Structures are given as C-alpha cells and as structure tokens.
Amino acid sequence: MSHTEPAAIASPVEQPEVTIVIPAYNEVSAIAPVVRALRTRYPRFEILVVDDGSTDDTARIAAAEGAVVVRHHENHGYGSTWKTGVAEARAPVVVFFDGDGQMDVEDVERLLAEMRATDADMVSGARRNASGSPLLRRPGKELLRRLAQFLVSRKIADLNCGLRAIKVDVLRRYLHLLPQGFSASTTSLMVFMQRGYLVKFVPITVRKRVGSSTVRIISDGFGTLMLILRLIALFNPMRVFLPISLGTIALSLIYSLVEVLRVGLGIPVLGAIMFIGGLQFFLIGIVCDQVSALRLERFEGLARRSGPAAGQSAAWDGADASETADPDARAGM
Numbered sequence: 049m050s051h052t053e054p055a056a057i058a059s060p061v062e063q064p065e066v067t068i069v070i071p072a073y074n075e076v077s078a079i080a081p082v083v084r085a086l087r088t089r090y091p092r093f094e095i096l097v098v099d100d101g102s103t104d105d106t107a108r109i110a111a112a113e114g115a116v117v118v119r120h121h122e123n124h125g126y127g128s129t130w131k132t133g134v135a136e137a138r139a140p141v142v143v144f145f146d147g148d149g150q151m152d153v154e155d156v157e158r159l160l161a162e163m164r165a166t167d168a169d170m171v172s173g174a175r176r177n178a179s180g181s182p183l184l185r186r187p188g189k190e191l192l193r194r195l196a197q198f199l200v201s202r203k204i205a206d207l208n209c210g211l212r213a214i215k216v217d218v219l220r221r222y223l224h225l226l227p228q229g230f231s232a233s234t235t236s237l238m239v240f241m242q243r244g245y246l247v248k249f250v251p252i253t254v255r256k257r258v259g260s261s262t263v264r265i266i267s268d269g270f271g272t273l274m275l276i277l278r279l280i281a282l283f284n285p286m287r288v289f290l291p292i293s294l295g296t297i298a299l300s301l302i303y304s305l306v307e308v309l310r311v312g313l314g315i316p317v318l319g320a321i322m323f324i325g326g327l328q329f330f331l332i333g334i335v336c337d338q339v340s341a342l343r344l345e346r347f348e349g350l351a352r353r354s355g356p357a358a359g360q361s362a363a364w365d366g367a368d369a370s371e372t373a374d375p376d377a378r379a380g381m
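Mapping of the sequence shown onto this note's numbering: residues 49 to 381, in sequence order.
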C-alpha cells in the first residue's frame, strides 16, 4: 500500500492461525504491555500493530516488543487501520484488539472458542460495563444501537466494540464499504448481519484506558448522526422510507376526507401536497434500495469467483494456538 511503511522485524511467525491486529495512534504509554501480554499468551499468533501516523514512539516500541509493525505516514482514521490490517494479515482469522490497554488478553481466546464452536463468521465482544465509554457519548451510542437493531431486525448486544474475531475471507469482500473513521466497527457488524452471516457475541470486561482518548465528543456526535443516515441508505432504506411514505399518504387521505366532508369542496391543497410527498418518499426508498443492493452484490459477485458466496464462508477449525510455543520466537527491531 502506497501510504504504509512496514517495519523490519526478525523471525515472524510462520503460517499463523490467527492474526491479532492492533490499531494504534499515539499509544506510547500502553502499547508495550499490550503487545507483551498478547505475545506471551498467544505466541503462535501473528501480532500486527498498524500505527496510524503516530507522532510519538508507538511504532518503535511495538516493534521492540516483537510485533509486526505497519506504519501509515499520516493519520487516516480507525477504519484505515482495519483495512491495512486485513490486507497485511497472513492468517485466515483476524482479531482486532485495541492498543489502549482497555482489553483483557484472555477475552481473545473466549472469542476464538465461540468461533470454533459455532463456526461463526464474526464474533464480537459485548462489554459488560460502560467504564470505557465517556458519559456524554452513551446516549448517542444507545440510540445508534437501537437504530441498528431496527434496520437488521436482530438483537445487537454491542454495536461498536473494538474486540472482534472475523474470518478474513469474508471481511475482505466488504472492505470497500468500511469508512475511514471510528464507525468502521459499526459498519462491519451491520454488513455481516444484513448479508446473512453468522454473528455471535461474547461478554467481555473493559478497563479504563491508559492515556487520553483520541475521540472528540462534538465531531464524533456529528459523525454519529451522519452514520445513522448512511446506515439507513446503505442497508435497509425501505424499512425507513416505506413507513414514512405510507404514514404520510394515510394522513393526507384522512385530512382530505375530513376537509371534503367539512367544507364540501374538492381535495385540499395541503392534502395533495402530503400525498405527493408520501409518493416521493416511496420512490426515494426504491432508488436507495436498488443502489444498496447493487453496491453490495457487485462485490459479492466478484468474490464468488475465488471464494464462498454471501452468507457462507470457509470453515475455521483452528485449535487453541496459545499453547506450547516459544514466546521468544521473534525478536524486535
């Protein structure tokens, strides 16, 4: 990738069963213990740190701890680290793990155990507590979660948890849909559910993050609003536009009937405007629905030539690869 720069490492893990991708941006105070804990617990996994243009020593420290490091020359956003991580991953399963010290390394095995047991295409963490989420952001997150449940007609335990285990062959089909920013985790979950893939949730516990957050409340709130509109247009536009259309048309007919009976004249102007507006909502919904279907199915059609179809994926039968391997198999820079 033209905007990335791989860091030199020694003795990478040969044919890893799992690649753990750690998105990182200025995590100098937390990255060392995170990488160290993951390498100790999962020595046969590939630990890949995607440094998103950090201005501190995050990349150097991660490499010194034995991680594979890929650097972005500039800060492109959380979603871009996902795309780079998936592109660079050498294993059939990728686990996304935050580099801020909030997550427990033992939860990785819990997600993988669920994937082995159910052959799920995605296993997401479901946070038991809200300690990692700022108070001002919780109402917006809950609103977004409920909207997402409405759009996919399925229960969602945690919409944007950063701890995910995903089959690489499936995720690569939809990388083009992921935004560059923080909503990549939300969008990926919505894609998998809307296209019929098996998604499971496993309860996890998060700790207070090490260092300051890079999330901005105001801009993130506006981003959440835009994400809501994007999710509606992308995944299930008719589920939103059809009720609005039918409701508007029904109100126009009721209003017009009442006015005709009351005044005794023809159809009132307001009733006609409401009726036309309802039809316009319906037509807009149809257009959005067709664009959404074409956008998703186009890339699925290309993927079928080299892999399983939508709703299907290659089975993963990885054993618990966290045992009986030398934790010092690789040296840092």
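No residue lacks a Cβ here, since even glycine has one placed at the ideal position from N, Cα and C.
Computed from a prediction, not measured in an experiment: that's the story for all the values here.
DSSP state of E94 mapped onto helix, strand, coil: Taking the sequence shown and counting its residues from 1, the one referred to as residue 94 is at position 46. Residue state for E94 is assigned as strand, using DSSP reduced to three classes.
Residue span of the alpha helix (DSSP H) that contains A85, given as start and end: In the sequence shown, counting from the first residue as 1, residue 85 sits at position 37. Here the alpha helix (DSSP H) through A85 covers I79 to R89.
P91: buried (16+ other C-beta within 10 angstroms of its C-beta) or exposed? Mapped onto the sequence shown, residue 91 falls at position 43. Classification for P91: buried.
How would you label L331, buried or exposed, when you count the other beta carbons within 10 angstroms and need 16 or more for buried? As a position in the sequence shown, residue 331 is number 283, starting the count at 1. The residue is exposed, with fewer than 16 neighbouring Cβ atoms inside 10 Å.
If you drop the 5 nearest sequence neighbours on each side, which residues of the same chain put their C-beta closer than 8 Å to that of S179? The count along the sequence shown starts at 1 and reaches residue 179 at position 131. Note that S179 has pLDDT 49, beneath the 50 cutoff, so the model's placement of it is unreliable and the number below is only indicative. V254, R255 and K256.
Please check the pair V141 and G133, which I expect to be a contact at CB under 8 Å, by giving their CB distance rounded to whole angstroms. As a working mapping, residue 141 is identified with position 93 in the sequence shown. As a working mapping, residue 133 is identified with position 85 in the sequence shown. At roughly 12 Å, the Cβ-Cβ gap does not stay under 8 Å, so V141 and G133 are not in contact.
Do the CB positions of T106 and V76 come within less than 8 Å of each other? Reading the sequence shown from its first residue, position 58 is the one you call residue 106. Reading the sequence shown from its first residue, position 28 is the one you call residue 76. The answer is yes: Cβ separation under 8 Å.
Report the rounded CA-to-CA distance for M170 versus K215, giving the unit in angstroms. The residue you call residue 170 lines up with position 122 of the sequence shown. The residue you call residue 215 lines up with position 167 of the sequence shown. Approximately 7 Å, taken between the alpha carbons.
Candidates L191, F144 and L282: which alpha carbon is nearest S172's? Numbered from 1 along the sequence shown, position 124 holds the residue referred to as residue 172. Comparing Cα-Cα distances from S172 to each of L191, F144 and L282, the minimum goes to F144.
Name, in chain order, the residues that DSSP records as bridge partners for R343. What you label residue 343 is simply residue 295 of the sequence shown in a count that begins at 1. DSSP lists no partner for R343.
CB of G333 within 8 Å of CB of M286, strictly: Here residue 333 corresponds to residue number 285 of the sequence shown, with the count starting at 1. Here residue 286 corresponds to residue number 238 of the sequence shown, with the count starting at 1. With respect to the 8 Å criterion, G333 and M286 are classified as neighbours on the basis of their beta carbons.
Put P285 into one of helix, strand or coil per three-state DSSP. Against the sequence shown, residue 285 aligns to sequence position 237. Note: P285 maps to helix in three-state DSSP.
Can you tell me where the beta strand (DSSP E) holding F249 begins and where it ends? Against the sequence shown, residue 249 aligns to sequence position 201. Unbroken beta strand (DSSP E) run through F249: V247 to I252.
Out of curiosity, what's the CA-to-CA distance linking R220 and Q150? Position 172 of the sequence shown, counted from the first residue, corresponds to residue 220. Position 102 of the sequence shown, counted from the first residue, corresponds to residue 150. Computed Cα separation, rounded: 27 Å.
Based on the DSSP secondary-structure assignment, which residues constitute the bridge partners of S172? Here residue 172 refers to the residue found at position 124 of the sequence shown. Looking at the DSSP assignment, S172 forms a beta bridge with R212 and F249.
Close Cβ partners of Q328 (< 6 Å) along its chain, the five nearest in sequence each way excluded: Here residue 328 is taken as the residue at index 280 of the sequence shown, counted from 1. Within the same chain, Q328 has no close Cβ partners at all.
Using 8 Å for Cβ pairs, my map puts L160 next to V66. What's the rounded Cβ distance? Mapped onto the sequence shown, residue 160 falls at position 112. Mapped onto the sequence shown, residue 66 falls at position 18. Correct: roughly 7 Å between the Cβ atoms.
Less than 8 Å between CB atoms is the rule here; does E75 satisfy it with respect to chain B? Given the protein chain composition of this structure (a single chain), no chain B is represented.
Would you report the Cα separation of E122 and Y73, rounded to the nearest angstrom? Taking the first residue of the sequence shown as 1, we reach residue 122 at position 74. Taking the first residue of the sequence shown as 1, we reach residue 73 at position 25. Taking the straight line joining both Cα atoms gives about 10 Å.
Can we say the region 191-206 touches the region 237-244, given the rule of at least three CB pairs closer than 8 Å? yes
DSSP three-state call for P227: helix, strand or coil? Translated into the one-based positions of the sequence shown, residue 227 becomes position 179. The answer is coil: DSSP assigns P227 none of H, G, I, E or B.
Limits of the unbroken beta strand (DSSP E) element including A72: Here residue 72 refers to the residue found at position 24 of the sequence shown. Its beta strand (DSSP E) spans residues V66 to A72.
With L96 and I79 assumed to form a contact (beta carbons below 8 Å), what rounded beta-carbon distance in angstroms separates them? Within the sequence shown, numbered from 1, the residue matching residue 96 stands at position 48. Within the sequence shown, numbered from 1, the residue matching residue 79 stands at position 31. With 8 Å as the limit, L96 and I79 do not qualify as a contact, their Cβ atoms being about 13 Å apart.
Spatial neighbours of V247 in its chain, beta-carbon cut-off 6 Å, leaving aside the 5 residues before and after: On the sequence shown, position 199 is the one that residue 247 refers to. If we look at V247 and ignore the five residues flanking it on each side, its Cβ neighbours are M170, F240 and M241.
Which two residues bound the contiguous alpha helix (DSSP H) that contains F145? On the sequence shown, position 97 is the one that residue 145 refers to. F145 -> no alpha helix (DSSP H), and no H or E assigned at all.
Proximity to D155 [Cα-Cα], best of R89, R343 and K131: Taking the first residue of the sequence shown as position 1, residue 155 is located at position 107. Residue R89 is the option with its Cα nearest to D155.
Which residue marks the beginning of the alpha helix (DSSP H) containing R220, and which one marks its end? Locating residue 220 in the sequence shown gives position 172, counting from the first residue. Taken as a continuous stretch (DSSP letters only), R220 belongs to no alpha helix (DSSP H), as it is neither H nor E.
Secondary structure of K256, DSSP reduced to three states: Indexing the sequence shown from 1 puts residue 256 at position 208. The answer is coil: DSSP assigns K256 none of H, G, I, E or B.
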